[in-house]
Amino acid sequence: MSANEMTEKEKEIKKEFNRLRRILKKFDIEKNRLSTAEGLLHESAFMRVTLQELKEDINQNGAIDEMPQGDYSIMRESPSVKTYNTMVQRYATVNKEIFSLLPKDQSKADDDFESFVMK
-7 MSANEMTEKE KEIKKEFNRL RRILKKFDIE KNRLSTAEGL LHESAFMRVT
43 LQELKEDINQ NGAIDEMPQG DYSIMRESPS VKTYNTMVQR YATVNKEIFS
93 LLPKDQSKAD DDFESFVMK
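The structure is reproduced here in structure tokens:
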């Protein structure tokens, strides 16, 4: 990857980080939770941009890769697919952690649903 591509990726990560931070700023989050959220936001932004790159690679090159083994070759899962599958799980976990930092807001709809379930 050239320096320009890396710079472009960093720009995309920063853009995604800022998008996530704007979303979080809409909620009244305690300062100590906000510092925790900052680290998680950086990780989430990085993973989202990287997942997009991996998805593009998979779309272009396919999910199956041919790997030479001396006189023959074998078909295997693409390394991009393996990385994507692992990272998408981690991405979901990080985002779950971010959402857990948000204040618990009980809306009227939640109360109505709980009342319905309790009957």
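The numbering used here puts the first residue of the sequence shown at -7, with every later residue one more than the last.
Beta carbons: idealized from backbone N, C-alpha and C, even for Gly.
The beta carbon of residue 37 sits closer than 7 Å to the beta carbons of 5, 8, 9 and 12 from its chain, once the five residues preceding and following it are set aside; these are given in chain order. Between the region 34 to 49 and the region 74 to 85 there are three or more inter-stretch CB-CB distances shorter than 8 Å, so the stretches are counted as touching. Annotated three-state conformation of residue 21 is coil, per DSSP.
DSSP, read as helix, strand or coil, puts residue 70 in coil. In this chain, the beta strand (DSSP E) harbouring residue 57 covers 56 to 61. No Cβ-Cβ contact shorter than 8 Å links residue 84 with residue 69. Of the other Cβ atoms in all chains shown, fewer than 16 fall within 10 Å of the Cβ of residue 59; this residue is therefore exposed.
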